[in-house]
Structures are given as C-alpha cells and as structure tokens.
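For the sequence shown, position 20 matches number 55 in this note's numbering, and the numbering has no gaps at all. Each residue gets a CB set at the ideal place from its N, CA and C atoms; glycine is no exception. First comes the structure, then the notes that go with it.
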Amino acid sequence: MIKLEIKGNKQQTITKVCNTCGSHIENLSLENIVLTGKARKRGDNGLRPIDSDGNEITREELPNDLEVSRCENCND
Ligand SMILES: [Zn+2]
C-alpha cells in the first residue's frame, strides 16, 4: 500500500510499504500514483499528467501491487 509521510510540514515522501507488517518496500514518486482527471471524476480539464519521460499518463486506477503489496518476509 502507499504511505505518505510529511516531515516538518514541508518534505513529503511517498513510499510503498507492506500491507501486513508495514515495512518499507520502495520509494515512489508522484508519477507512480497519479491518475487521469477522468479517473478522479474531474472530467476533462485539459490537464494531462506526464511521467518523467514526457509521456502522457493514462492510468485510471492504481496498479494492484500498489493497493496490496507485501515485503519478502510476508510474501509466502
Ligand atoms: Zn511484511
């Protein structure tokens, strides 16, 4: 699952953590979790999220491995 940490009200980090034990799996960036405006029920506002390569992000739901993720220890 995705965990948002806000440190000192300034630095925000998004990480993938184990759903079972909460341990850290990997760091995420915004482009890993952003969805299209359509998926957020905002309609088409003309804004197009892009990834770090400049490609349009067309994801309409979070990947399964971000909804439910398990670390190596819990993945049996
Ligand atoms: Zn775990």
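Bridge-paired residues (DSSP) for residue i
i	result
threonine 48	Glu40
isoleucine 85	Glu91
glutamate 61	Lys51
C-beta contact flag for residue i and residue j at 8 Å
i	j	result
glutamate 102	alanine 74	no
isoleucine 37	leucine 70	no
Other residues of its chain near residue i: CB distance less than 7 Å, five sequence neighbours each side excluded
i	result
isoleucine 60	Lys51, Val52, Cys53, Ser104, Cys106
leucine 82	Gly72
Same chain, Cβ closer than 6 Å to residue i, neighbours up to 5 away in sequence not counted
i	result
glutamate 40	Thr48
cysteine 56	Cys109
asparagine 80	Gly72
proline 84	Val69, Ile92
Fill in: Closer than 6 Å to ligand 1: residues, by C-beta to nearest heavy atom, in chain order
Cβ-based neighbours of ligand 1 within the cut-off: Cys53, Thr55, Cys56, Ser58, Arg105, Cys106, Asn108, Cys109.
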